[in-house]
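What follows is a short report on a single structure.
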Amino acid sequence: MRHLTIVDTTLRDGEQTAGVVFSNQEKLRIARLLDEVGVHQIEAGVAVMGGDEKKAISAITKLGLKASIMGWNRAVISDIEASLACGVDAVAISISTSDIHIEHKLKTTREDVLERMIKATEFAKREGVYISVNAEDASRSSMDFLVQFAKEAKKAGADRLRYCDTVGILDPFTTYDNIKTLIEKAGINVEMHTHDDFGMATANALAGVKAGASHVGVTVNGLGERAGNAALEEVVMALKFLLDTDLSFVTERFVELSEYIARASGRMLPPWKSIVGSNMFAHESGIHADGALKNPRTYEAFSPEDVGLERQIVIGKHSGTASIKAKFKEYGKEITEEEAVVMLEKVRALAVDMKRSLFDKELVYIYGDMLKQKK
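Here the sequence shown stands for residues 108 to 482, numbered as in this note's numbering.
See below:
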(Lines of atoms letter the chains of each structure in order from A and count residues from 1; the text may use other names and numbers.)
(Lines give C-alpha, C1' and ligand atoms only; values in the text may rest on other atoms or scores of the structure.)
Protein backbone atom coordinates (compact mmCIF):
# COMPACT_ATOMS: atom_id res chain seq x y z
CA MET A 1 0.00 0.00 0.00
CA ARG A 2 1.61 3.27 -1.10
CA HIS A 3 1.59 6.35 1.07
CA LEU A 4 -0.51 9.34 0.06
CA THR A 5 -0.15 12.83 1.46
CA ILE A 6 -3.32 14.69 2.44
CA VAL A 7 -2.96 18.45 2.02
CA ASP A 8 -5.72 20.39 3.78
CA THR A 9 -6.48 23.88 2.53
CA THR A 10 -9.51 24.71 4.71
CA LEU A 11 -7.62 27.72 6.11
CA ARG A 12 -6.83 29.06 2.64
CA ASP A 13 -9.19 27.85 -0.09
CA GLY A 14 -11.89 27.03 2.49
CA GLU A 15 -11.82 30.59 3.81
CA GLN A 16 -12.07 31.85 0.22
CA THR A 17 -15.67 30.57 0.23
CA ALA A 18 -17.77 33.67 -0.43
CA GLY A 19 -18.70 35.25 2.92
CA VAL A 20 -16.53 33.01 5.15
CA VAL A 21 -14.02 34.48 7.61
CA PHE A 22 -12.27 32.55 10.39
CA SER A 23 -11.08 34.42 13.46
CA ASN A 24 -7.42 33.95 14.39
CA GLN A 25 -8.41 31.84 17.41
CA GLU A 26 -10.58 29.66 15.16
CA LYS A 27 -7.65 29.27 12.75
CA LEU A 28 -5.43 27.99 15.56
CA ARG A 29 -8.13 25.55 16.74
CA ILE A 30 -8.72 24.33 13.18
CA ALA A 31 -4.98 23.77 12.63
CA ARG A 32 -4.79 21.75 15.88
CA LEU A 33 -7.83 19.66 14.95
CA LEU A 34 -6.49 18.96 11.45
CA ASP A 35 -3.18 17.88 12.94
CA GLU A 36 -4.86 15.67 15.55
CA VAL A 37 -6.97 13.79 12.99
CA GLY A 38 -3.88 13.08 10.86
CA VAL A 39 -3.56 15.72 8.10
CA HIS A 40 -0.01 15.64 6.70
CA GLN A 41 0.24 19.21 5.39
CA ILE A 42 -1.81 22.29 6.28
CA GLU A 43 -2.03 25.18 3.84
CA ALA A 44 -2.36 27.94 6.43
CA GLY A 45 -3.06 31.03 4.34
CA VAL A 46 -1.67 33.86 2.22
CA ALA A 47 1.01 35.72 4.21
CA VAL A 48 1.40 38.61 1.75
CA MET A 49 -2.10 39.77 2.78
CA GLY A 50 -0.40 40.93 5.99
CA GLY A 51 -2.34 41.91 9.14
CA ASP A 52 -4.31 39.16 10.86
CA GLU A 53 -3.56 36.66 8.10
CA LYS A 54 0.19 36.95 8.69
CA LYS A 55 -0.28 36.81 12.48
CA ALA A 56 -2.39 33.65 12.22
CA ILE A 57 0.09 31.85 9.95
CA SER A 58 2.98 32.79 12.26
CA ALA A 59 1.04 31.54 15.29
CA ILE A 60 0.21 28.24 13.56
CA THR A 61 3.88 27.61 12.73
CA LYS A 62 4.67 27.99 16.46
CA LEU A 63 2.12 25.38 17.62
CA GLY A 64 4.62 22.54 17.25
CA LEU A 65 2.31 20.45 15.07
CA LYS A 66 3.38 17.24 13.35
CA ALA A 67 1.92 18.49 10.05
CA SER A 68 3.96 20.51 7.58
CA ILE A 69 2.76 24.14 7.41
CA MET A 70 2.51 25.63 3.92
CA GLY A 71 2.01 29.23 2.81
CA TRP A 72 0.28 30.07 -0.51
CA ASN A 73 1.98 32.52 -2.88
CA ARG A 74 1.80 33.97 -6.33
CA ALA A 75 4.92 33.40 -8.42
CA VAL A 76 6.35 36.56 -6.87
CA ILE A 77 9.47 36.63 -4.69
CA SER A 78 8.01 39.17 -2.22
CA ASP A 79 5.04 36.80 -1.63
CA ILE A 80 7.43 33.97 -0.80
CA GLU A 81 9.47 36.22 1.48
CA ALA A 82 6.28 37.05 3.42
CA SER A 83 5.52 33.33 3.86
CA LEU A 84 9.08 32.55 4.95
CA ALA A 85 8.92 35.36 7.52
CA CYS A 86 6.01 33.49 9.15
CA GLY A 87 8.16 30.39 9.66
CA VAL A 88 6.47 28.00 7.21
CA ASP A 89 8.40 24.92 6.09
CA ALA A 90 6.65 24.68 2.71
CA VAL A 91 5.46 27.08 0.03
CA ALA A 92 2.92 26.81 -2.76
CA ILE A 93 3.87 28.89 -5.81
CA SER A 94 0.83 29.44 -7.99
CA ILE A 95 0.47 30.69 -11.55
CA SER A 96 -2.02 30.04 -14.35
CA THR A 97 -1.13 27.66 -17.18
CA SER A 98 -4.25 27.75 -19.38
CA ASP A 99 -4.28 30.00 -22.43
CA ILE A 100 -7.58 31.58 -21.37
CA HIS A 101 -5.99 32.65 -18.05
CA ILE A 102 -2.65 33.63 -19.59
CA GLU A 103 -4.32 35.81 -22.24
CA HIS A 104 -7.26 37.30 -20.33
CA LYS A 105 -6.20 37.28 -16.67
CA LEU A 106 -2.41 37.61 -16.73
CA LYS A 107 -2.34 39.35 -20.13
CA THR A 108 1.02 37.80 -20.92
CA THR A 109 2.61 34.83 -22.73
CA ARG A 110 3.44 31.21 -21.95
CA GLU A 111 7.13 32.13 -22.00
CA ASP A 112 6.61 34.78 -19.33
CA VAL A 113 4.63 32.33 -17.17
CA LEU A 114 7.52 29.87 -17.32
CA GLU A 115 10.03 32.59 -16.50
CA ARG A 116 8.06 33.87 -13.48
CA MET A 117 7.56 30.34 -12.13
CA ILE A 118 11.22 29.37 -12.55
CA LYS A 119 12.52 32.52 -10.83
CA ALA A 120 10.16 32.11 -7.88
CA THR A 121 10.88 28.38 -7.55
CA GLU A 122 14.65 28.82 -7.70
CA PHE A 123 14.40 31.50 -5.00
CA ALA A 124 12.35 29.21 -2.73
CA LYS A 125 14.73 26.34 -3.38
CA ARG A 126 17.68 28.45 -2.19
CA GLU A 127 15.72 29.08 1.03
CA GLY A 128 15.53 25.33 1.63
CA VAL A 129 11.76 24.89 1.92
CA TYR A 130 9.46 22.25 0.42
CA ILE A 131 7.93 23.53 -2.83
CA SER A 132 4.61 22.86 -4.54
CA VAL A 133 4.30 24.57 -7.91
CA ASN A 134 0.61 25.10 -8.61
CA ALA A 135 -0.62 24.95 -12.20
CA GLU A 136 -3.78 27.02 -11.89
CA ASP A 137 -6.49 25.99 -14.37
CA ALA A 138 -4.39 22.95 -15.32
CA SER A 139 -7.51 21.09 -16.46
CA ARG A 140 -8.02 23.63 -19.28
CA SER A 141 -4.32 23.84 -20.19
CA SER A 142 -2.57 22.41 -23.22
CA MET A 143 -1.05 19.08 -22.16
CA ASP A 144 2.14 19.82 -24.10
CA PHE A 145 2.58 23.14 -22.26
CA LEU A 146 1.64 21.56 -18.91
CA VAL A 147 4.31 18.87 -19.38
CA GLN A 148 6.86 21.56 -20.26
CA PHE A 149 5.77 23.60 -17.22
CA ALA A 150 6.08 20.55 -14.93
CA LYS A 151 9.52 19.65 -16.26
CA GLU A 152 10.79 23.21 -15.79
CA ALA A 153 9.30 23.31 -12.28
CA LYS A 154 11.07 20.08 -11.36
CA LYS A 155 14.36 21.34 -12.81
CA ALA A 156 14.02 24.58 -10.82
CA GLY A 157 13.61 22.59 -7.58
CA ALA A 158 9.88 21.91 -7.15
CA ASP A 159 8.97 18.85 -5.06
CA ARG A 160 5.56 18.46 -6.67
CA LEU A 161 3.09 19.93 -9.13
CA ARG A 162 -0.39 20.85 -7.94
CA TYR A 163 -2.82 19.98 -10.72
CA CYS A 164 -5.70 22.42 -10.28
CA ASP A 165 -9.12 21.72 -11.72
CA THR A 166 -9.84 25.36 -10.98
CA VAL A 167 -13.33 25.56 -12.45
CA GLY A 168 -14.28 21.95 -11.74
CA ILE A 169 -14.80 20.84 -15.34
CA LEU A 170 -13.14 17.42 -15.14
CA ASP A 171 -14.75 14.00 -15.03
CA PRO A 172 -12.99 10.95 -13.50
CA PHE A 173 -12.16 9.37 -16.87
CA THR A 174 -10.50 12.49 -18.27
CA THR A 175 -8.76 13.06 -14.93
CA TYR A 176 -7.24 9.59 -14.98
CA ASP A 177 -5.94 10.01 -18.54
CA ASN A 178 -4.54 13.51 -17.89
CA ILE A 179 -2.73 12.63 -14.67
CA LYS A 180 -1.31 9.39 -16.06
CA THR A 181 0.05 11.26 -19.10
CA LEU A 182 1.47 14.09 -16.99
CA ILE A 183 3.29 11.77 -14.59
CA GLU A 184 4.65 9.57 -17.39
CA LYS A 185 5.92 12.53 -19.44
CA ALA A 186 7.12 14.90 -16.70
CA GLY A 187 8.21 12.45 -14.00
CA ILE A 188 7.04 14.65 -11.11
CA ASN A 189 4.91 14.07 -8.00
CA VAL A 190 1.37 15.36 -8.57
CA GLU A 191 -1.16 16.77 -6.12
CA MET A 192 -4.84 16.71 -7.03
CA HIS A 193 -6.69 19.95 -6.33
CA THR A 194 -10.26 19.44 -7.50
CA HIS A 195 -13.36 21.66 -7.39
CA ASP A 196 -16.96 20.50 -7.17
CA ASP A 197 -18.77 22.58 -9.80
CA PHE A 198 -20.18 19.42 -11.43
CA GLY A 199 -20.31 17.43 -8.19
CA MET A 200 -17.24 15.33 -9.02
CA ALA A 201 -14.45 16.78 -6.86
CA THR A 202 -14.00 13.68 -4.70
CA ALA A 203 -14.39 11.30 -7.65
CA ASN A 204 -11.82 13.26 -9.65
CA ALA A 205 -9.39 13.30 -6.72
CA LEU A 206 -9.66 9.50 -6.45
CA ALA A 207 -9.25 9.10 -10.22
CA GLY A 208 -6.03 11.11 -9.95
CA VAL A 209 -4.81 8.83 -7.16
CA LYS A 210 -5.59 5.80 -9.33
CA ALA A 211 -3.49 7.38 -12.08
CA GLY A 212 -0.52 7.83 -9.74
CA ALA A 213 -1.00 11.17 -7.93
CA SER A 214 0.84 11.15 -4.60
CA HIS A 215 -0.92 14.08 -2.89
CA VAL A 216 -4.58 15.08 -2.52
CA GLY A 217 -5.76 18.58 -1.66
CA VAL A 218 -8.94 18.77 0.42
CA THR A 219 -11.03 20.99 2.69
CA VAL A 220 -13.25 20.01 5.62
CA ASN A 221 -16.91 19.76 4.52
CA GLY A 222 -15.78 20.58 0.97
CA LEU A 223 -15.61 24.31 1.69
CA GLY A 224 -14.06 26.42 -1.05
CA GLU A 225 -14.62 28.80 -3.94
CA ARG A 226 -18.05 28.48 -5.62
CA ALA A 227 -19.20 24.84 -5.16
CA GLY A 228 -16.17 24.01 -3.04
CA ASN A 229 -13.36 21.45 -3.07
CA ALA A 230 -13.01 17.71 -2.50
CA ALA A 231 -14.03 17.07 1.12
CA LEU A 232 -11.40 15.77 3.55
CA GLU A 233 -13.81 13.33 5.20
CA GLU A 234 -15.02 11.95 1.85
CA VAL A 235 -11.54 11.47 0.40
CA VAL A 236 -10.04 9.82 3.49
CA MET A 237 -12.98 7.44 4.02
CA ALA A 238 -13.21 6.57 0.31
CA LEU A 239 -9.48 5.81 0.23
CA LYS A 240 -9.86 3.57 3.29
CA PHE A 241 -13.03 1.68 2.35
CA LEU A 242 -13.07 1.79 -1.45
CA LEU A 243 -9.38 1.86 -2.45
CA ASP A 244 -8.00 -0.15 0.50
CA THR A 245 -5.67 2.71 1.48
CA ASP A 246 -5.82 3.35 5.22
CA LEU A 247 -3.88 6.53 6.05
CA SER A 248 -4.29 5.97 9.82
CA PHE A 249 -6.44 9.05 10.30
CA VAL A 250 -8.43 9.39 13.53
CA THR A 251 -11.66 9.19 11.56
CA GLU A 252 -13.67 8.80 14.77
CA ARG A 253 -13.26 12.58 15.20
CA PHE A 254 -14.52 13.54 11.74
CA VAL A 255 -17.97 14.59 12.97
CA GLU A 256 -16.38 16.72 15.71
CA LEU A 257 -14.11 18.36 13.10
CA SER A 258 -16.91 18.88 10.58
CA GLU A 259 -19.25 20.38 13.15
CA TYR A 260 -16.58 22.80 14.37
CA ILE A 261 -15.81 23.95 10.81
CA ALA A 262 -19.54 24.31 10.10
CA ARG A 263 -19.97 26.61 13.11
CA ALA A 264 -16.77 28.59 12.44
CA SER A 265 -17.66 29.10 8.76
CA GLY A 266 -21.34 29.83 9.35
CA ARG A 267 -22.16 27.12 6.82
CA MET A 268 -24.58 24.45 8.05
CA LEU A 269 -23.65 20.79 7.93
CA PRO A 270 -26.56 19.29 5.95
CA PRO A 271 -28.12 16.17 7.52
CA TRP A 272 -27.68 14.42 4.13
CA LYS A 273 -23.94 15.28 3.89
CA SER A 274 -21.92 12.19 2.93
CA ILE A 275 -19.80 10.59 5.68
CA VAL A 276 -20.64 13.04 8.51
CA GLY A 277 -24.28 14.11 8.03
CA SER A 278 -26.70 13.08 10.79
CA ASN A 279 -28.83 11.11 8.28
CA MET A 280 -25.91 8.80 7.36
CA PHE A 281 -27.08 6.20 9.91
CA ALA A 282 -30.73 7.21 10.29
CA HIS A 283 -33.06 4.46 9.06
CA GLU A 284 -36.80 4.99 8.59
CA SER A 285 -37.88 2.76 5.69
CA GLY A 286 -39.27 -0.46 7.15
CA ILE A 287 -37.20 -2.76 4.94
CA HIS A 288 -33.97 -0.82 5.56
CA ALA A 289 -34.52 -0.47 9.31
CA ASP A 290 -35.37 -4.17 9.66
CA GLY A 291 -32.19 -5.11 7.78
CA ALA A 292 -30.04 -2.70 9.78
CA LEU A 293 -31.45 -4.05 13.05
CA LYS A 294 -30.65 -7.64 12.03
CA ASN A 295 -27.19 -6.80 10.67
CA PRO A 296 -26.04 -3.18 10.23
CA ARG A 297 -23.86 -4.15 7.25
CA THR A 298 -27.00 -4.80 5.19
CA TYR A 299 -27.53 -1.07 4.74
CA GLU A 300 -24.34 0.57 6.04
CA ALA A 301 -21.00 0.75 4.20
CA PHE A 302 -19.13 1.41 7.45
CA SER A 303 -20.00 1.76 11.14
CA PRO A 304 -21.29 5.02 12.64
CA GLU A 305 -18.55 4.81 15.28
CA ASP A 306 -15.94 5.04 12.48
CA VAL A 307 -16.70 8.75 12.07
CA GLY A 308 -18.21 9.67 15.45
CA LEU A 309 -21.92 9.23 14.65
CA GLU A 310 -24.64 7.03 16.17
CA ARG A 311 -27.20 4.78 14.49
CA GLN A 312 -30.79 6.05 14.69
CA ILE A 313 -34.03 4.22 14.01
CA VAL A 314 -36.45 6.93 12.89
CA ILE A 315 -40.19 6.31 13.23
CA GLY A 316 -42.36 7.80 10.49
CA LYS A 317 -44.54 7.14 7.45
CA HIS A 318 -42.20 4.49 6.01
CA SER A 319 -41.54 2.57 9.23
CA GLY A 320 -42.42 -1.06 9.88
CA THR A 321 -43.36 -3.01 13.02
CA ALA A 322 -39.75 -4.14 13.60
CA SER A 323 -38.70 -0.49 13.98
CA ILE A 324 -41.48 0.28 16.43
CA LYS A 325 -40.64 -2.75 18.58
CA ALA A 326 -36.94 -1.84 18.47
CA LYS A 327 -37.70 1.78 19.44
CA PHE A 328 -39.69 0.64 22.49
CA LYS A 329 -36.84 -1.67 23.45
CA GLU A 330 -34.70 1.49 23.66
CA TYR A 331 -37.18 2.70 26.29
CA GLY A 332 -36.86 -0.63 28.13
CA LYS A 333 -40.34 -1.72 27.09
CA GLU A 334 -41.26 -4.89 25.18
CA ILE A 335 -44.37 -4.59 23.01
CA THR A 336 -46.12 -7.39 21.13
CA GLU A 337 -46.39 -7.74 17.37
CA GLU A 338 -50.14 -7.11 17.69
CA GLU A 339 -49.52 -3.83 19.56
CA ALA A 340 -46.90 -2.82 16.99
CA VAL A 341 -49.35 -3.39 14.12
CA VAL A 342 -52.00 -1.19 15.77
CA MET A 343 -49.42 1.49 16.54
CA LEU A 344 -48.02 1.42 13.02
CA GLU A 345 -51.36 2.48 11.51
CA LYS A 346 -51.59 5.42 13.93
CA VAL A 347 -47.91 6.34 13.42
CA ARG A 348 -48.27 6.48 9.64
CA ALA A 349 -51.44 8.58 9.82
CA LEU A 350 -49.86 11.09 12.23
CA ALA A 351 -46.62 11.26 10.19
CA VAL A 352 -48.63 12.16 7.07
CA ASP A 353 -50.62 14.80 8.98
CA MET A 354 -47.46 16.31 10.51
CA LYS A 355 -45.36 15.88 7.31
CA ARG A 356 -42.39 14.55 9.31
CA SER A 357 -41.13 11.66 11.39
CA LEU A 358 -42.32 11.41 14.99
CA PHE A 359 -40.61 12.43 18.21
CA ASP A 360 -40.12 9.83 20.94
CA LYS A 361 -42.70 11.56 23.18
CA GLU A 362 -45.31 11.34 20.41
CA LEU A 363 -44.77 7.58 20.20
CA VAL A 364 -45.23 7.27 23.94
CA TYR A 365 -48.49 9.27 23.73
CA ILE A 366 -49.77 7.02 20.93
CA TYR A 367 -48.94 3.94 23.02
CA GLY A 368 -50.65 5.47 26.07
CA ASP A 369 -53.79 6.27 24.07
CA MET A 370 -53.79 2.72 22.68
CA LEU A 371 -53.68 1.25 26.22
CA LYS A 372 -56.54 3.50 27.36
CA GLN A 373 -58.67 2.34 24.41
CA LYS A 374 -58.04 -1.29 25.39
CA LYS A 375 -59.57 -0.73 28.84
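By construction, the Cβ of each residue, glycine as well, lies at the ideal position given by its N, Cα and C atoms.
Residue i: buried (16+ other C-beta within 10 angstroms of its C-beta) or exposed?
i                 : result
histidine 147     : buried
arginine 269      : buried
asparagine 336    : buried
leucine 487       : Nothing about residue 487 can be reported from this structure: the residues present for the chain run from 108 to 482 only.
glycine 234       : Here residue 234 turns out to be glutamate, not glycine, going by the sequence shown. Result: exposed.
isoleucine 492    : For the chain, the structure presents residues 108 to 482; residue 492 sits outside this window and is missing.
aspartate 476     : exposed
alanine 338       : buried
lysine 434        : buried
glutamate 298     : buried
phenylalanine 280 : exposed
histidine 300     : buried
tryptophan 379    : exposed
threonine 117     : buried
histidine 390     : buried
methionine 344    : buried
aspartate 186     : buried
tyrosine 438      : exposed
serine 130        : exposed
valine 459        : exposed
What does DSSP give as the partner residue(s) for residue i in the beta ladder?
i             : result
histidine 211 : In the DSSP output, where bridge partners are listed per residue, histidine 211 has none listed.
glutamine 419 : Ala389
glutamate 242 : Looking at the sequence shown, residue 242 is not glutamate but alanine. Partner(s): Ile202, Tyr270.
histidine 302 : Asn336
tyrosine 237  : Ala197
glycine 275   : Glycine 275 pairs with nothing; no bridge assigned.
glycine 152   : Gly178
Quick one: residues in its chain with C-beta nearer than 8 Å to the C-beta of residue i, no 5 flanking neighbours on either side, listed in chain order?
i              : result
valine 123     : Position check: residue 123 holds glutamine in this sequence, whereas valine was assumed. Correct list, in chain order: Gly331, Glu332.
valine 127     : Gly121, Leu330, Ser372, Gly373, Arg374
isoleucine 276 : Ser246, Arg247, Asp304, Phe305
valine 448     : Thr428
arginine 212   : Rather than arginine, the amino acid found at residue 212 in this sequence is lysine. If we look at lysine 212 and ignore the five residues flanking it on each side, its Cβ neighbours are Ser203.
isoleucine 442 : Ile431, Lys432, Phe435, Met450, Tyr474
alanine 319    : The question names alanine, but residue 319 is glycine in the sequence shown. Here the set comprises Ile286, Lys287, Ile290, Val297.
Where does residue i sit, in a helix, a strand or coil, going by DSSP?
i              : result
threonine 352  : coil
valine 414     : coil
isoleucine 184 : helix
valine 146     : coil
valine 198     : strand
asparagine 285 : helix
valine 323     : strand
valine 297     : strand
glutamate 441  : coil
glutamine 123  : coil
methionine 307 : coil
glycine 178    : strand
serine 464     : coil
aspartate 251  : helix
alanine 260    : helix
threonine 116  : coil
isoleucine 382 : coil
asparagine 328 : helix
arginine 217   : helix
alanine 265    : coil
serine 130     : coil
arginine 360   : helix
alanine 408    : coil
lysine 169     : coil
arginine 374   : coil
lysine 432     : helix
leucine 111    : coil
serine 426     : coil
Grab me the residues of residue i's own chain with a C-beta within less than 6 Å of its C-beta, minus the 5 sequence neighbours each way, in chain order.
i             : result
arginine 418  : Phe388, Pro411
glutamate 341 : Thr309, Ser381, Ile382
serine 321    : Asn296
glutamate 243 : Ser201, Ser203, Cys271, Thr273
alanine 76    : Nothing about residue 76 can be reported from this structure: the residues present for the chain run from 108 to 482 only.
serine 101    : Since the first residue shown for the chain is 108 and the last is 482, residue 101 is missing from the structure and cannot be characterised.
Looking at the ligand COA, does it come within less than 6 Å of residue i, judged from the CB to the closest heavy atom?
i           : result
leucine 253 : Ligands in the displayed structure: none, and consequently the ligand COA is not present.
Going along the chain, which residues of its own chain have a beta-carbon closer than 7 Å to the beta-carbon of residue i, five neighbours each way excluded?
i              : result
alanine 408    : Phe348
threonine 405  : Gly398, Ala399
isoleucine 422 : Ser430, Ile431, Lys434, Val454, Ser464, Leu465, Leu470
threonine 358  : Val343, Met344, Asp413, Val414
tyrosine 283   : Ala314, Lys317, Ala318
Between residue i and residue j, which are expected to be in contact by the criterion C-beta below 8 Å, what is the C-beta distance as a whole number of angstroms?
i              : j              : result
valine 327     : histidine 302  : Actually they do not touch by this definition, with Cβ atoms about 15 Å apart.
arginine 181   : serine 201     : 6 Å
glycine 152    : isoleucine 164 : 5 Å
leucine 135    : leucine 170    : 7 Å
serine 239     : alanine 199    : 5 Å
glycine 415    : arginine 370   : Not quite, the Cβ-Cβ distance comes to about 15 Å (not below 8 Å), so this is no contact.
valine 114     : glutamate 150  : 6 Å
alanine 293    : valine 254     : 5 Å
methionine 250 : aspartate 278  : With a Cβ gap of about 16 Å, methionine 250 and aspartate 278 do not count as contacting.
alanine 257    : glutamate 229  : About 16 Å separates the two Cβ atoms, so there is no contact after all.
alanine 154    : glutamate 160  : 7 Å
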